[in-house]
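Engineer: So that we are looking at the same thing, I have put the structure below in structure tokens.
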Amino acid sequence: MSPELHFIIFLLLRMAIAAAFVVSASVITERSGPVIGALVATLPVSAGPSYVFLAIDHDAAFVAQGALASLPINAATIFMGLTYVVLAQRQSFVVSVASAIGVWIVLASIVRLFDWSLAAGLAVNVVAFGICIPLLAKYRHVKMPLVTRRWYDIPFRAALVATLVAIVVSTSGWVGPRVSGVIALYPIVFTSMMVILHPRIGGPPTAAVLANSAWGLLGFGMAIAVLHVAVTHFGSAIGLSLALGTCVVWNLTLWAIGRRKRLAH
3 MSPELHFIIF LLLRMAIAAA FVVSASVITE RSGPVIGALV ATLPVSAGPS
53 YVFLAIDHDA AFVAQGALAS LPINAATIFM GLTYVVLAQR QSFVVSVASA
103 IGVWIVLASI VRLFDWSLAA GLAVNVVAFG ICIPLLAKYR HVKMPLVTRR
153 WYDIPFRAAL VATLVAIVVS TSGWVGPRVS GVIALYPIVF TSMMVILHPR
203 IGGPPTAAVL ANSAWGLLGF GMAIAVLHVA VTHFGSAIGL SLALGTCVVW
253 NLTLWAIGRR KRLAH
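Numbering of the sequence shown is given in this note's numbering, commencing with residue 3 and proceeding in unit increments.
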């Protein structure tokens with residue numbers, strides 16, 4: 003088998019695996035309501051496969067450096083969510099989604115101009131979430147209408163995440179860890195939910211899913227920090243496992259707290 007054919011086959015396999023993760027998470031999100039959906043949406047179903055493939059192709063130092071670049075991007079994502087949530091209450095689908103994506107692109111472009119330390123990345127997240135979580139709180143409680151899936155939903159989501167993985171895997175060797183870390187954290191799940199759900203169920207219910215995602219996204223930022231530290235000291239396999247474990251434990255804790263509050267009422 004030629005090297006070119008070998009690369010194409012494995013690239014397609016990686017794209018298919020990543021797409022399966024995101025599609026599964028999106029379906030669960032639609033069927034579970036905004037609270038459970040938000041917890042699923044903030045699991046590393048998009049960034050996780052991208053980082054696994056980066057770890058396969060590069061050494062631990064590359065992955066650790068990429069995580070440093072990803073950490074402040076997590077702050078950009080919560081501002082993207084806030085932009086969409088606020089605009090989706092009254093503005094059209096096009097204005098809400100385009101503005102949110104535009105905010106992420108601008109902030110990501112600024113982020114990639116700097117060499118980030120772990121402390122700086124954590125500080126940016128603390129400030130960003132300190133601002134956004136209180137502002138998002140009042141948009142969280144909206145009843146989720148019944149969603150009827152259309153034939154193109156799953157292919158669209160699969161194509162979206164597969165394209166992201168293809169970009170990350172194909173370009174990581176020459177763009178370096180900083181840009182790879184930025185690209186890997188593009189919020190595919192948020193984008194697909196906005197694009198698919200907003201025209202169907204309206205802005206406020208779709209915004210409720212993103213508003214409920216704030217606390218989960220905070221945990222995702224912690225997982226990125228864990229990834230950087232653990233990969234540096236223990237290697238990529240242990241680092242990725244600990245980062246995934248951080249996300250899962252954090253989101254399960256949020257679920258348990260929310261369930262206890264509901265039972266109390």
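Beta carbons: idealized from backbone N, C-alpha and C, even for Gly.
Small disclaimer: the values here were computed from a predicted structure and weren't measured.
Spatial neighbours of Phe64 within its chain, please: CB distance less than 6 Å, with the 5 preceding and 5 following residues excluded, ordered by chain position.
Structural biologist: Pro179
Engineer: Going by C-alpha distance, which of Leu199, Asn214, Pro201 and Val251 is nearest Met224?
Structural biologist: Val251
Engineer: Take Ala102 as the anchor and find which of Gly247, Leu229, Thr44 and Val87 has the nearest alpha-carbon.
Structural biologist: Val87
Engineer: For Phe116, name the three-state secondary structure that DSSP assigns.
Structural biologist: coil
Engineer: Exposed or buried, which one is Thr255 when buried takes at least 16 other CB atoms within 10 Å?
Structural biologist: exposed
Engineer: For Val126, is the classification buried or exposed, using 16 other Cβ atoms within 10 angstroms of its Cβ as the cut-off for buried?
Structural biologist: buried
Engineer: Whose C-alpha, out of Pro74, His235, Thr85 and Ala62, is nearest the C-alpha of Thr208?
Structural biologist: Thr85
Engineer: When the Cβ atoms of the region 237-245 are set against those of the region 53-73, are three or more pairs found closer than 8 Å?
Structural biologist: yes
Engineer: For Gln67, report the span of its alpha helix (DSSP H) as first-last.
Structural biologist: Ala62 to Ala90
Engineer: Please list the segments of the alpha helix (DSSP H) lying wholly inside the region 169-241, counting only runs of 4 or more residues, in order along the chain.
Structural biologist: 190-203, 205-214 and 216-236
Engineer: Using DSSP with H/G/I as helix, E/B as strand and the rest coil, what is Lys145?
Structural biologist: coil
Engineer: Find the nearest neighbour of Arg92 within the set Ile133, Gly204 and Asp117, judged by alpha-carbon distance.
Structural biologist: For Arg92, the closest alpha carbon among the candidates Ile133, Gly204 and Asp117 is that of Gly204.
Engineer: Does the Cβ-Cβ distance between Ser94 and Ile190 come in under 8 Å?
Structural biologist: no
Engineer: Give me the residue from Gly68, Val108 and His60 with the minimum Cα distance to Met82.
Structural biologist: Val108
Engineer: Please look up how many angstroms separate the CB atoms of Ser72 and Ala186, rounded, as I've assumed it's under 8 Å.
Structural biologist: Between Ala186 and Ser72 the Cβ distance is about 6 Å, and since that is below 8 Å, they are a contact.
Engineer: Leaving out five residues before and five after Ala213 in sequence, what residues of the same chain have Cβ atoms less than 6 Å from its Cβ?
Structural biologist: Val87, Leu138, Tyr141 and Arg142
Engineer: Taking DSSP as the reference, what is the three-state secondary structure of Thr248?
Structural biologist: In the structure shown, Thr248 sits in a helix (DSSP, three-state: H, G or I).
Engineer: Only counting the same chain, and skipping five residues up and downstream in sequence, which positions put a Cβ closer than 7 Å to that of Val181?
Structural biologist: Arg114.
Engineer: Looking at His230 and Leu89, is the spacing between their C-beta atoms short of 8 Å?
Structural biologist: no
Engineer: So which of Pro136, Leu219, Ala232 and His200 has the shortest CA-CA distance to Pro74?
Structural biologist: Leu219
Engineer: Helix, strand or coil: which one does DSSP assign to Val105?
Structural biologist: Three-state DSSP puts Val105 in a helix.
Engineer: List the endpoints of the continuous alpha helix (DSSP H) containing Val54.
Structural biologist: Ala49 to Asp59
Engineer: So is Pro46 buried or exposed if we call it buried at 16+ other beta carbons inside 10 Å?
Structural biologist: buried
Engineer: Which residues in the same chain as Pro201 place their Cβ atom closer than 6 Å to its Cβ, once the five residues preceding and following it in sequence are excluded?
Structural biologist: Phe95
Engineer: Rounded to a whole number of angstroms, what is the C-alpha to C-alpha distance between Trp118 and Val128?
Structural biologist: The alpha-carbon atoms of Trp118 and Val128 are separated by roughly 15 Å.
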